[in-house]
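**Student:** Here it is, the structure in full.
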Amino acid sequence: MPDPAPILLLTRPEAASRRFAAAAVARFGDRVRPLIAPLMQIVEDGGALPLDGIRGLVFTSENGVSAAAARTRRRDLPCWCVGDRTTAAALAAGFPAESAQGDAVALARLLIGRKVRGPLLHLHGAHVQADLGAALAPAGIDLRGLAVYRQEPLALTDAALAALAAPSRIFVPLFSPRSARLFRAAAGSVRAPLDLLAISPAAAAPLRDWPGTSALVAARPDADAMLDALADRLAAGSLA
Numbered sequence: 471m472p473d474p475a476p477i478l479l480l481t482r483p484e485a486a487s488r489r490f491a492a493a494a495v496a497r498f499g500d501r502v503r504p505l506i507a508p509l510m511q512i513v514e515d516g517g518a519l520p521l522d523g524i525r526g527l528v529f530t531s532e533n534g535v536s537a538a539a540a541r542t543r544r545r546d547l548p549c550w551c552v553g554d555r556t557t558a559a560a561l562a563a564g565f566p567a568e569s570a571q572g573d574a575v576a577l578a579r580l581l582i583g584r585k586v587r588g589p590l591l592h593l594h595g596a597h598v599q600a601d602l603g604a605a606l607a608p609a610g611i612d613l614r615g616l617a618v619y620r621q622e623p624l625a626l627t628d629a630a631l632a633a634l635a636a637p638s639r640i641f642v643p644l645f646s647p648r649s650a651r652l653f654r655a656a657a658g659s660v661r662a663p664l665d666l667l668a669i670s671p672a673a674a675a676p677l678r679d680w681p682g683t684s685a686l687v688a689a690r691p692d693a694d695a696m697l698d699a700l701a702d703r704l705a706a707g708s709l710a
């Protein structure tokens with residue numbers, strides 16, 4: 471019998487993992503076997519948003535959009551988003567939104583280029599990867615941050631632990647430095663050969679010097695580039 475297809479272990483929150491799994495199956499068919507095992511769950515914080523005097527909203531995640539949409543009925547403020555998926559979520563929620571089509575650096579560049587007037591309200595999670603406010607301050611843009619959700623850690627599922635203890639090859643896309651740290655801590659003793667796919671150099675950093683693993687950084691910080699990285703590894707047929 472031929473060897474089974476490698477496992478695609480997805481540790482993002484449930485909804486994001488299911489979306490990536492569907493995209494992977496649509497592109498690769500039965501060449502991968504998705505296994506969803508979230509290491510985090512999204513918990514939104516309540517209460518009205520402090521919008522008095524705010525001239526616009528900034529979103530760096532779909533979770534921020536969802537939390538904001540639940541906490542205010544206002545849809546008159548212009549919004550700037552880190553990427554196209556976050557922008558699509560904002561538009562679907564009724565916010566007038568523009569995409570920076572990239573990462574936090576691209577978002578800062580967009581806001582500065584548009585000569586946006588603050589104060590702006592950045593709606594983000596409890597764990598922030600980039601100091602967007604510091605990047606905007608030299609341009610005179612007042613950005614105020616507010617955590618509107620948190621990502622609570624979860625233990626790996628029994629199915630995921632069993633897969634990691636088996637010899638079959640496993641692909642693990644990791645979408646943030648925190649998810650990389652959580653996965654490395656949760657994985658414990660790994661028997662399976664791991665192909666780690668990191669969305670950015672920062673997400674790859676916690677994976678350095680991990681024996682028995684191989685990490686590839688996506689060309690761009692988005693889900694499509696992560697699929698491209700997976701395609702490269704599948705085509706290679708073996709660990710780099």
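Letter by letter, the sequence shown follows residues 471 to 710 in this note's numbering. For each residue, glycine too, the CB sits at the ideal point set by N, CA and C.
1) Count the other CB atoms, across all protein chains shown, that sit within 10 Å of the CB of Pro589; report buried if there are 16 or more and exposed otherwise.
2) Please confirm whether Leu616 and Leu593 have their CB atoms less than 8 angstroms apart.
3) Checking the sheet assignment: what are the DSSP bridge partners for Phe529?
4) Assign Val535 to buried or exposed, taking buried as 16 or more other Cβ atoms, counted over all protein chains shown, within 10 Å of its Cβ.
5) How big is the Cα-Cα spacing for Pro623 and Leu509?
6) Round the Cβ separation of Phe529 and Ala693 to the nearest angstrom and send it over; I've been treating them as touching at under 8 angstroms.
7) Using 8 angstroms as the threshold, is the C-beta distance between Phe653 and Val660 below it?
8) What is the DSSP secondary structure of Pro647, counted as helix, strand or coil?
9) Taking the beta strand (DSSP E) that Val586 falls in, what are its first and last residues?
10) DSSP three-state label for Ser684, please.
11) In angstroms with no decimal places, state the Cα-to-Cα distance between Leu479 and Arg587.
12) Report yes if the CB atom of Gly658 is closer than 8 angstroms to the CB atom of Arg620, and no otherwise.
**Tutor:** Reading off the structure:
1) By the 10 Å Cβ count, Pro589 comes out exposed.
2) Less than 8 angstroms separates the beta-carbon of Leu616 from that of Leu593.
3) Note: Phe529 sits in a beta bridge opposite Cys551 and Leu593.
4) Buried.
5) So the alpha carbons of these two residues sit roughly 6 angstroms apart.
6) Actually they are not in contact, since the Cβ atoms of Phe529 and Ala693 sit about 16 angstroms apart, beyond 8 angstroms.
7) With respect to Val660, Phe653 sits apart: the two C-beta atoms are not nearer than 8 angstroms.
8) Here Pro647 sits in helix by DSSP.
9) It is not in any beta strand (DSSP E) - Val586 carries neither H nor E in the DSSP assignment.
10) Note: Ser684 maps to strand in three-state DSSP.
11) Computed Cα separation, rounded: 43 angstroms.
12) Cβ atoms of Gly658 and Arg620: not closer than 8 angstroms.
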